[in-house]
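Engineer: Position 34 (the sequence shown) corresponds to 138 in my numbering; numbering is contiguous. Note that the Cβ used here is the ideal one computed from N, Cα and C, for glycine as well. Take a look at this one; I'll ask things after.
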Amino acid sequence: DMELNANFYDREYFEGTAKSGYGGRYREELEGPKMALIAQFLKSCFNGPMLDVGCAFGFLCAALQDAGVDARGIDISEYSISQALPQVKGKLSVCDVTRGTPFKGREFPTVVAFQTMEHIPIDRIPLVVKEMCRISGEYIVLEVPTWYDDKTADRSDTFDKSHVSFYSASFWVDQFYAEGFYLDVNLSHKLIGTDSSRLVFYRGDNVPARMKDGFQVTPVTSEADLRIKWDDHYGVPKGYELSQPAQVKVGSAALKILVISTTIFTVPAFGYSGLEQIAWE
Numbered sequence: 105d106m107e108l109n110a111n112f113y114d115r116e117y118f119e120g121t122a123k124s125g126y127g128g129r130y131r132e133e134l135e136g137p138k139m140a141l142i143a144q145f146l147k148s149c150f151n152g153p154m155l156d157v158g159c160a161f162g163f164l165c166a167a168l169q170d171a172g173v174d175a176r177g178i179d180i181s182e183y184s185i186s187q188a189l190p191q192v193k194g195k196l197s198v199c200d201v202t203r204g205t206p207f208k209g210r211e212f213p214t215v216v217a218f219q220t221m222e223h224i225p226i227d228r229i230p231l232v233v234k235e236m237c238r239i240s241g242e243y244i245v246l247e248v249p250t251w252y253d254d255k256t257a258d259r260s261d262t263f264d265k266s267h268v269s270f271y272s273a274s275f276w277v278d279q280f281y282a283e284g285f286y287l288d289v290n291l292s293h294k295l296i297g298t299d300s301s302r303l304v305f306y307r308g309d310n311v312p313a314r315m316k317d318g319f320q321v322t323p324v325t326s327e328a329d330l331r332i333k334w335d336d337h338y339g340v341p342k343g344y345e346l347s348q349p350a351q352v353k354v355g356s357a358a359l360k361i362l363v364i365s366t367t368i369f370t371v372p373a374f375g376y377s378g379l380e381q382i383a384w385e
């Protein structure tokens, strides 16, 4: 097994083809329009300042800055930070999130990680989740490729050798629940995906959750209720149904705000396309 450390994410990773499928195609002129859409969505739903975990060259941070949102970024790759967009270079820093971050507790109202978690080896995932939850004051927004169960090997490494952690959506829900973050079904549903689950978690001790645009937290009180919400809300593709619903854990009866639901998308023939499609409801 290769060592997924800072040295792995070098010039060859971003510019070549041996380690990933980028081949020099991860460019601001190609990613910029998509990042602008994401930034507008984030600005419309969440409070800043925001932290981008796995920021690479700072494309999302730059888009957020253009949208008027104060954004910081961290990445394990010294190469990507050294080659970052000039307008945000001072806002980015090299940081291995598996070893912690220099930020204060709840320093960022919103922490985002798009296509980052699949790069984290399984033994380090709890550490990363715990750290993200520590520094987030309100929300965590993920885009993470999901697989239909937690045991079957997927085929992602044909694209990127560092894609080592593909798990079911319910796996990620459970990871964040363990740290006191619940999944918001309505905000997650606004992120209509192509090949990944888009998950929005909110800090449980911020009840009632501070939401914009009139979104309300939908209560889930039983596994049967979850099954109905899962099937009705998304229409899970045949063969991708949950064999067991994500475990429903209801806290104080006075709160009744825990939502566990998300979506799984089949991987299309054209591969990973990210967040080009955003639905505004």
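(1) Let me know if D174 comes out buried or exposed under the rule of 16 or more other beta-carbons within 10 Å of its beta-carbon.
(2) Report the residue from Q191, S186 and G136 whose alpha carbon sits nearest the alpha carbon of S197.
(3) Can you round the beta-carbon distance between Y306 and D288 to whole angstroms, since I take them to be within the 8 angstroms contact cut?
(4) Using a Cβ-Cβ distance cut-off of 9 angstroms, determine whether L189 contacts chain D.
(5) Among residues of its own chain, excluding the 5 on either side of I224, which ones have a beta-carbon nearer than 6 angstroms to its beta-carbon?
(6) So who's on the other strand from D179, going by DSSP bridges?
(7) Helix, strand or coil for N111, going by three-state DSSP, please let me know.
(8) Does the segment 176-184 come close enough to the segment 136-145 that 3 or more CB-CB pairs lie under 8 angstroms?
(9) Would you say the segment 235-244 touches the segment 205-224, given that touching needs at least three Cβ pairs under 8 angstroms?
(10) If you check the beta carbons only, do E247 and F218 fall under 9 angstroms apart?
(11) Using the Cβ count rule (16 or more neighbours within 10 Å means buried), how would you classify K208?
(12) Less than 6 angstroms between C-beta atoms, sequence neighbours within five positions excluded: which residues of the same chain meet that for V245?
(13) Less than 9 angstroms separating the beta-carbons of A160 and A143?
(14) Does G158 pass the burial test, meaning 16 or more other C-beta atoms within 10 Å, or should it be called exposed?
(15) To the nearest angstrom, report how far apart C199 and E182 are at their CA atoms.
(16) Roughly how many angstroms lie between the CA atoms of V192 and S148, to the nearest whole one?
(17) Secondary structure at V173, three-state DSSP: helix, strand or coil?
(18) Under the rule that 16 or more other beta-carbon atoms within 10 Å means buried, what is A188, buried or exposed?
(19) With distance defined between alpha-carbon atoms, name the residue in E283, A171 and F285 nearest to N151.
(20) In whole angstroms, what is the alpha-carbon distance linking P190 and E222?
(21) Under 7 angstroms Cβ to Cβ from N111, same chain only, skipping five residues before and after it: list those, please.
(22) I'd like to confirm the pairing. Which residues does DSSP put opposite Y281 in its beta bridges?
(23) Just how far apart, CA to CA, sit Y286 and M154?
(24) In whole angstroms, what is the alpha-carbon distance linking E235 and D156?
(25) Rounded to whole angstroms, how far is the Cβ of Q279 from the Cβ of I229, which I believe are closer than 8 angstroms?
(26) Leaving out five residues on either side along the sequence, give the residues of the same chain with a beta carbon under 8 angstroms from the beta carbon of Q169.
(27) Whole angstroms are fine: how far does the CA of V277 sit from the CA of V201?
(28) From the DSSP output, read off the bridge partner residues of D156.
(29) How many Å lie between E283 and G204 at the Cα?
(30) Among residues of its own chain, excluding the 5 on either side of Y237, which ones have a beta-carbon nearer than 6 angstroms to its beta-carbon?
Structural biologist: So, to answer that:
(1) To locate residue 174, count along the sequence shown from 1; it is residue 70. So D174 counts as exposed.
(2) The count along the sequence shown starts at 1 and reaches residue 197 at position 93. Measuring from the Cα of S197, the nearest candidate turns out to be S186.
(3) Taking the sequence shown and counting its residues from 1, one reaches residue 306 at position 202. Taking the sequence shown and counting its residues from 1, one reaches residue 288 at position 184. Y306 to D288, Cβ: 5 angstroms. Contact.
(4) Of the chains in the structure shown, none is chain D; there is only one protein chain.
(5) Position 120 of the sequence shown holds residue 224. Here the set comprises V232 and S269.
(6) Looking up residue 179 in the sequence shown gives position 75. D179 pairs with V198.
(7) Translated into the one-based positions of the sequence shown, residue 111 becomes position 7. If DSSP states are grouped into helix, strand and coil, N111 belongs with the helices.
(8) no
(9) yes
(10) The residue you call residue 247 lines up with position 143 of the sequence shown. The residue you call residue 218 lines up with position 114 of the sequence shown. The answer is yes: Cβ separation under 9 angstroms.
(11) As a first step, residue 208 is located in the sequence shown; it is residue number 104 there, counting from the start. Per the 10 Å Cβ criterion, exposed.
(12) In the sequence shown, residue 245 corresponds to position 141, counting from 1. Correct list, in chain order: V216 and V304.
(13) In the sequence shown, residue 160 corresponds to position 56, counting from 1. In the sequence shown, residue 143 corresponds to position 39, counting from 1. Result no, Cβ atoms of A160 and A143 do not sit closer than 9 angstroms.
(14) For the purposes of this step, residue 158 is identified with residue 54 of the sequence shown, where counting begins at 1. Counting Cβ neighbours within 10 Å, G158 comes out buried, since at least 16 surround it.
(15) Reading the sequence shown from its first residue, position 95 is the one you call residue 199. Reading the sequence shown from its first residue, position 78 is the one you call residue 182. Cα to Cα, C199 sits roughly 9 angstroms from E182.
(16) One-based indexing of the sequence shown puts residue 192 at position 88. One-based indexing of the sequence shown puts residue 148 at position 44. One C-alpha to the other measures close to 21 angstroms.
(17) Looking up residue 173 in the sequence shown gives position 69. Three-state result, V173: coil.
(18) By one-based count along the sequence shown, residue 188 stands at place 84. Burial call: buried.
(19) As a working note, residue 151 is residue 47 in the sequence shown. Comparing Cα-Cα distances from N151 to each of E283, A171 and F285, the minimum goes to A171.
(20) In the sequence shown, the residue the question calls residue 190 occupies position 86. In the sequence shown, the residue the question calls residue 222 occupies position 118. Looking at the two C-alpha atoms, the distance is approximately 28 angstroms.
(21) The residue labelled residue 111 in the question sits at position 7 within the sequence shown. Contacts found: none.
(22) In the sequence shown, the residue the question calls residue 281 occupies position 177. Y281 is not bridged to any residue.
(23) For this step, residue 286 is matched to residue 182 along the sequence shown. For this step, residue 154 is matched to residue 50 along the sequence shown. Those two C-alpha atoms are separated by around 19 angstroms.
(24) Taking the first residue of the sequence shown as position 1, residue 235 is located at position 131. Taking the first residue of the sequence shown as position 1, residue 156 is located at position 52. Near 13 angstroms, if we compare the C-alpha coordinates of D156 and E235.
(25) By 1-based counting over the sequence shown, the position of residue 279 is 175. By 1-based counting over the sequence shown, the position of residue 229 is 125. Yes, Q279 and I229 are in contact; Cβ-Cβ is about 6 angstroms, under 8 angstroms.
(26) As a first step, residue 169 is located in the sequence shown; it is residue number 65 there, counting from the start. Taken in chain order, the residues that qualify are A175, Q191, V192 and K195.
(27) Locating residue 201 in the sequence shown gives position 97, where the first residue counts as 1. Locating residue 277 in the sequence shown gives position 173, where the first residue counts as 1. Answer to the nearest angstrom: the Cα atoms are 20 angstroms apart.
(28) As a position in the sequence shown, residue 156 is number 52, starting the count at 1. Beta-bridge pairing links D156 to G177 and V216.
(29) Indexing the sequence shown from 1 puts residue 283 at position 179. Indexing the sequence shown from 1 puts residue 204 at position 100. E283 and G204: Cα-Cα distance of roughly 15 angstroms.
(30) Position 133 of the sequence shown holds residue 237. Going by the sequence as given, residue 237 is Cys instead of Tyr. These residues qualify, in order along the chain: E283 and F285.
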